[in-house]
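*Asks:*
Residue numbers (the UniProt record's numbering): 1 to 373.
#1: Just the C-alpha distance for residue 303 and residue 205, rounded to the nearest angstrom, thanks.
#2: For the beta strand (DSSP E) holding residue 119, just list the boundary residues, first then last.
#3: From residue 335 to residue 51, what distance separates their C-alpha atoms?
#4: When the Cα atoms are used, what is the spatial distance from residue 367 to residue 222?
#5: From residue 240 to residue 11, what does the alpha carbon distance come to, in whole angstroms?
#6: Would residue 272 be called buried (16 or more neighbouring beta carbons within 10 Å of its own) or exposed?
#7: Using a C-beta cutoff of 7 angstroms, does residue 79 count as contacting chain B?
#8: In three-state terms, what does DSSP make of residue 262?
#9: Between the C-alpha atoms of residue 201 and residue 142, what's the straight-line distance to the nearest angstrom?
#10: Thinking C-beta only, is residue 54 closer than 7 angstroms to residue 43?
#11: Can you give me the C-alpha to C-alpha distance between residue 229 and residue 75, rounded to a whole angstrom?
#12: Are residue 170 and residue 292 closer than 7 angstroms when you measure CB to CB?
#13: Just the Cα atoms here: how many angstroms apart are residue 196 and residue 370?
#14: Quick check: does the Cβ of residue 156 come within less than 6 angstroms of any heavy atom belonging to the ligand NAP?
#15: According to DSSP, which residues form a beta bridge with residue 47?
#16: Flag this pair as touching only if the segment 231 to 240 and the segment 155 to 174 have three or more C-beta atom pairs under 8 angstroms; answer yes or no.
#17: Helix or strand or just coil, what does DSSP make of residue 42?
#18: Tell me which residues share the same chain as residue 244 and place their Cβ nearer than 7 angstroms to its Cβ, disregarding the 5 neighbours each side in the sequence.
#19: For residue 32, I'd like the list of residues in its chain whose CB is within less than 6 angstroms of its CB, leaving aside the five on either flank, ordered along the chain.
#20: Given this structure, state the Cα-to-Cα distance separating residue 184 from residue 175, to the nearest angstrom.
#21: Okay, do the segment 13 to 32 and the segment 86 to 98 touch, 3+ Cβ pairs below 8 angstroms being the bar?
#22: In chain order, which alpha helix (DSSP H) runs of at least 4 residues are fully inside the segment 191 to 242?
#23: Helix, strand or coil, according to DSSP, for residue 269 in the structure here?
#24: Kindly indicate the opening and closing residues of the beta strand (DSSP E) around residue 93.
#25: Check whether the Cβ atoms of residue 209 and residue 278 sit closer than 7 angstroms, and answer yes or no.
Structure below.
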């Protein structure tokens, strides 16, 4: 819960995320906001009515203003401004570029500091008059990796000093549960288990991982595959893509060895069950699942593209994400060499502790908030 009214909070911030989706972008303001609430901050949310974002913001202790759509939020600008003034909001933190117009309109009437976390990295120039006006209201753009920092500095109409990198963070709580118990709960037979956590969409690489898995089965007949993530559109999944995967699994006669966990909140437990974690994303802007797997102390095969190599920092193996044979070869290296797997898992955990602890992320974010106020 937010700090009581008679207690002076260190600050007040509005997290804006008008999204019906559910992925790393949508989870981030909730994870960060929860941490800020625990540190005594007053945290507010602006979200779409009935969205997963709105319900999870409330569960995390936010006071939430809901709108039926982005357009309705703009039409309700006077009511939103009154609510912000009554709430004493000092900082507005946006997470989707499509929400920036609303934030900029608010900023023409109200006084606050505006921060935008660019979760994707701009791939096309945004230097036309409209974008210059919108970004002129932004005090700081936070890029989640060096990869996105480079893109944003090239594309956005802001001086370089107003665009900085802030890596994401994750909770470092360890799961000590026996992997066999978790596998039993999921109905997974004994044998080596590889897997991945991520939203079901072509760009996340589940199709390529399935092909790599099929190649590995000839040498590792007991090998199992666990795919963690919601399979419904309301959970962020591309449902036609899920159907394609299921058909492919049936055609390959892999139904008994490929396991779908569905959406899970206990990601750490799912990772604990795996012997090797694979992250074959085609072009990841950061890769929250990378640092979650690192925090779990697991050996990782990551993509050579996007920000995955940057985040891994040499503590995992890499493979071209569009080449299932290469993915399979790197997984094979880890399955054949338990000592290497254990060593890489320990190094991954150490790097997560040093660079990606959520507590460190919050420290840095609060420094930015307070430095602008």
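Beta carbons: idealized from backbone N, C-alpha and C, even for Gly. Remember, it's a predicted structure, so these values are computed and weren't measured experimentally.
*Replies:* Working from what's here:
#1: 9 angstroms
#2: Counting along the chain, residue 119 falls outside any beta strand (DSSP E), and DSSP gives it neither H nor E.
#3: 41 angstroms
#4: 50 angstroms
#5: One alpha carbon belongs to residue 240, the other to residue 11, and they sit about 44 angstroms apart.
#6: buried
#7: No chain B is present in this structure, which holds just one protein chain.
#8: The answer is strand: DSSP assigns residue 262 an E or B state.
#9: 25 angstroms
#10: no
#11: 35 angstroms
#12: Closer than 7 angstroms, so yes.
#13: 37 angstroms
#14: Only the bare structure without any ligand can be found here, which leaves the ligand NAP out of the picture.
#15: Bridge partners of residue 47: 17, 66.
#16: no
#17: Residue 42 falls in the strand class under three-state DSSP.
#18: none
#19: none
#20: Using only the alpha carbons, I get a separation of about 16 angstroms.
#21: yes
#22: Runs found: 206 to 216.
#23: helix
#24: Membership of residue 93 in the beta strand (DSSP E) is indicated by the continuous run 91 to 94.
#25: yes
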